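The block underneath contains the structure these notes are about, expressed in structure tokens.
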Amino acid sequence: ANPKIGVLVMSYGTPESMDGIEEYYTHIRRGHAPTPEQLAELTARYDAVVGGVFPLRENTNRQAEGLQAALDAAAPGRYAVYQGLKHARPYIEDGVDAMAADGVKRAVGIVLAPHFSTMSVGSYMKRAQEKAEEAGIAFQEIESYHLHPKLIEALVKRVKDAYAELEQKTGSGQQLKVLFSAHSLPVRIREIGDPYEQQLLDTSSVVAEGAGVTDWQFTWQSAGRTREPWLGPDILDTMKEVAEAGYKGVLSAPIGFVSEHLEVLYDIDIEAQAAAKELGIELVRIDMLGTDPLYMETLADSVEQATRTAF
Ligand code: FEC
Numbered sequence: 021a022n023p024k025i026g027v028l029v030m031s032y033g034t035p036e037s038m039d040g041i042e043e044y045y046t047h048i049r050r051g052h053a054p055t056p057e058q059l060a061e062l063t064a065r066y067d068a069v070v071g072g073v074f075p076l077r078e079n080t081n082r083q084a085e086g087l088q089a090a091l092d093a094a095a096p097g098r099y100a101v102y103q104g105l106k107h108a109r110p111y112i113e114d115g116v117d118a119m120a121a122d123g124v125k126r127a128v129g130i131v132l133a134p135h136f137s138t139m140s141v142g143s144y145m146k147r148a149q150e151k152a153e154e155a156g157i158a159f160q161e162i163e164s165y166h167l168h169p170k171l172i173e174a175l176v177k178r179v180k181d182a183y184a185e186l187e188q189k190t191g192s193g194q195q196l197k198v199l200f201s202a203h204s205l206p207v208r209i210r211e212i213g214d215p216y217e218q219q220l221l222d223t224s225s226v227v228a229e230g231a232g233v234t235d236w237q238f239t240w241q242s243a244g245r246t247r248e249p250w251l252g253p254d255i256l257d258t259m260k261e262v263a264e265a266g267y268k269g270v271l272s273a274p275i276g277f278v279s280e281h282l283e284v285l286y287d288i289d290i291e292a293q294a295a296a297k298e299l300g301i302e303l304v305r306i307d308m309l310g311t312d313p314l315y316m317e318t319l320a321d322s323v324e325q326a327t328r329t330a331f
């Protein structure tokens, strides 16, 4: 057996090329192919931001490498990092297979998203846990790390920096609003007592306090276009209200995400930015965490803590 502890780093996944969008979208829709209109609409969004390069793949690769380096620094030779993606190759199951092929017997799973929902992190973990059981690997889940002090420190710095930039753009003395946001989910998550909303509010209030921001609000983004109701208000509606109330600028802090990808580069940088222009207000977005050493240490600390608890 391999004495190393496997670390399955999981992320949403993105198509490998423009040709792969249909397969990816079908996977997201649990095997139901999108209509030609839906496919064209998603392809247009990717076209607008990526031009053939899908940044989430590169970003996830770099974060996985960064975590391996942070773990090697903390505990040399103890951990081996593997990747598993939710909706693209290498799938979560492929990551577990790779660990099994290397003889790994104990593993920890962590998702590149700080907040827990049964519909997000919970579904990644369910797939990983099932596959690990099949492969005879003892698997420990990390549910969330949304209040880790190093994560908070990294976000506080980003909010402070972006706030200063926004002040410069609007001129001093203007009313400015900080809008924390995350991916919306269907309203039915409330019926099962899902912690997602509360965790997001907790991160927002701790970061706002650390950055000395009092005028802030939490709002949702990127809701699906299905018939069932999704959590709101949506950031575009919130921006409209804020502008009507006399604010001259908004600071977008998409704290539910950890790197630049479609939901940030399109939904915030293109769509929300265009809305801001129309409303006559400034919009500045915080830098995403990417491979910020504080984020890599957040992940590494969480892995070490899970290891101590489980093995
Ligand atoms: O850059 C990229 O290529 C991928 C960007 C991307 C990220 C992401 C994160 C989350 N999602 C979450 C929930 C849902 C639910 C549905 C859903 C649908 C999509 C579609 C695309 C997409 N998501 Fe996503 N998501 C990303 C991309 N997501 C594309 C399909 C088209 C569309 O609706 O816009 C609805 C599924 C259904 O129809 O049944 C629900 C959550 C996250 C944040 C946590 C995480 O990263 O896992 C929650 C990045």
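The sequence shown runs contiguously to residue 331 in full-length UniProt numbering.
Just so you know, even glycine gets a beta-carbon here, dropped at the ideal spot from N, CA and C.
Please read these numbers as outputs of a predicted model, since none were measured by experiment.
- Proximity to histidine 47 across Ser37, Arg208, Gly33 peaks at Gly33, based on C-alpha coordinates.
- Contact check for threonine 138 against aspartate 214 passes: the beta carbons are separated by less than 8 angstroms.
- About 12 angstroms separates the beta carbon of glutamine 194 from that of glycine 300, a gap too long to meet the 8 angstroms contact definition.
- As the crow flies, the alpha-carbon of valine 323 is around 10 angstroms from that of valine 29.
- The segment 174-187 makes no contact with the segment 143-160: fewer than 3 CB pairs, one atom from each, lie closer than 8 angstroms.
- For the segment 121-149, the full-length beta strand (DSSP E) segments reaching 3 residues or more read 124-131 along the chain.
- Contiguous beta strand (DSSP E) elements confined to the segment 36-66 do not occur, taking only those with 3 or more residues.
- Pairing isoleucine 41 with threonine 55 gives a Cβ-Cβ distance that is not under 8 angstroms.
- Between ligand 1 and the CB of alanine 133, the shortest heavy atom gap is smaller than 7 angstroms.
- Non-local beta-carbon contacts of alanine 68 in its own chain, meaning distances under 7 angstroms to residues more than five positions away in sequence, involve Tyr286, Ile290 in chain order.
- A distance below 6 angstroms between beta-carbons, with the five flanking residues on each side excluded, links arginine 77 to the following residues of its chain, in chain order: Thr34.
- If you check the CB distance, valine 101 and alanine 84 come in under 8 angstroms.
- The beta carbon of phenylalanine 331 lies closer than 8 angstroms to those of Ile25, Arg126, Ala158, Gln160 in the same chain, with the five residues before and after it left out.
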